[in-house]
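Data first, discussion second: the structure below is written as structure tokens.
Residue numbers (my numbering): 4 to 293.
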């Protein structure tokens, strides 16, 4: 499926109403699992990419080429729409222009940009800081102007709730909507009342809520978020955290018992090959054999 068709499908799905569950993937294998389980879209997590690709915390260590490389790998592995975490765009408006065009070419269906200063940090870490509103708005304007496909969505995130309070965060989100953002994302609200306030303050524009297991935002059900008026419910790193737990569990057993069989705490060999579509590549191998 061509990327503009995927983008249009995603845009129409969001407009249709009801909160869409958005699981995060740190790599193409996680994206394959997400598609295999019937989810409608996938989120390339900057935190997850940093953790898995570099083994480091989410403190602005990944670069645009690395994000683009993983976006392209996920696009080749799945036909799901991909929401790509592009951090703060890697600079000023000109850098944002380059970021948006690069990620669009790599296969992004939506590109998320935030208003943090460089170096940025995880939205659920302490010590964040945001750029002045005028600079943040310039990033969103540049992103909107730079996309080549009108169906590529711009997600405007603000981290101002942590630095200046919810009123400032909502004011920033409203400004980003004026600048053409398709979706806004107020990061790390800390109470249910704060959550309820977001869709009420920003009617008519899809809202994304980010749920970090162990993070600062209260965990509610997808039905509750639909009732509040949210359009996307993001669990950016459930796959990563469960994979980490699974690795620790299996490797502990391997260390302690000195062996591992298929009845151990792991996916079997055949299941592993099914998820990565080995049968598809076997068929292609036969087709192109000489």
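Using N, Cα and C, we set each Cβ at its ideal position, and we do this for glycine too. None of the values given here were measured: they were computed from a predicted structure.
Straight-line gap, residue i to residue j (C-alpha atoms, nearest Å)
i	j	result
residue 100	residue 54	26 Å
residue 67	residue 86	15 Å
residue 144	residue 96	8 Å
residue 231	residue 278	35 Å
residue 322	residue 202	Residue 322 is absent from the structure shown; the chain starts at 4 and stops at 293.
residue 291	residue 285	10 Å
residue 252	residue 275	18 Å
residue 84	residue 59	27 Å
residue 124	residue 112	24 Å
residue 141	residue 64	23 Å
residue 104	residue 268	42 Å
residue 110	residue 70	11 Å
residue 209	residue 108	24 Å
residue 254	residue 90	33 Å
residue 168	residue 162	9 Å
residue 139	residue 117	8 Å
residue 136	residue 9	32 Å
residue 62	residue 249	25 Å
residue 216	residue 195	16 Å
residue 226	residue 106	32 Å
residue 258	residue 283	35 Å
Beta-carbon proximity list for residue i, same chain, < 6 Å, skipping 5 on both sides
i	result
residue 271	265
residue 198	192
residue 235	23, 25 and 211
residue 21	229
residue 147	157 and 183
Spatial neighbours of residue i in its chain, beta-carbon cut-off 7 Å, leaving aside the 5 residues before and after
i	result
residue 7	152 and 154
residue 73	30, 47 and 52
residue 39	278
residue 166	131, 132 and 133
residue 16	23 and 43
residue 33	242
residue 164	172, 189, 190, 191 and 192
residue 122	62 and 63
residue 120	132, 133 and 134
Nearest neighbour of residue i, chosen from the options [CA to CA]
i	options	result
residue 76	28, 234 and 284	28
residue 149	170, 102 and 227	102
residue 1	184, 37 and 168	Given a span of 4 to 293 for the chain in the structure shown, any question on residue 1 remains unanswerable.
residue 128	191, 267, 257 and 33	191
residue 115	92, 109, 121 and 104	92
residue 79	49, 41, 35 and 65	35
residue 5	88, 81 and 126	81
residue 18	256, 207 and 120	207
residue 200	219, 233, 98 and 273	233
Whole-angstrom C-beta distance between residue j and residue i, which should lie under 8 Å
i	j	result
residue 176	residue 189	6 Å
residue 212	residue 237	7 Å
residue 50	residue 239	6 Å
residue 156	residue 289	With 8 Å as the limit, residue 156 and residue 289 do not qualify as a contact, their Cβ atoms being about 39 Å apart.
Same chain only: Cβ atoms within 8 Å of residue i, ignoring 5 sequence neighbours per side
i	result
residue 205	173, 176, 177, 180 and 187
residue 12	84
residue 56	29, 30, 65, 69 and 73
residue 222	214 and 216
residue 37	26, 28, 45, 81, 83 and 242
residue 256	263, 267 and 268
Inset, instruction - Let me know the alpha helix (DSSP H) ranges lying completely inside the region 22-50, each 4 residues or longer, listed in chain order. - result: Listed in chain order, they are 31-39.
Inset, instruction - Within the region 38-112, note down every full beta strand (DSSP E) run reaching 3 residues or more, in order along the chain. - result: The qualifying runs are 45-47 and 85-88.
Inset, instruction - With a floor of 4 residues, list each alpha helix (DSSP H) that falls wholly inside the region 204-249, ordered by position along the chain. - result: Segments of the alpha helix (DSSP H) lying fully in the region 204-249: 225-231.
Legend entry - 3 or more residues per run - each beta strand (DSSP E) lying fully within the region 110-138: Within the region 110-138, the runs of beta strand (DSSP E) that reach at least 3 residues and sit entirely inside it are, in chain order, 113-117.
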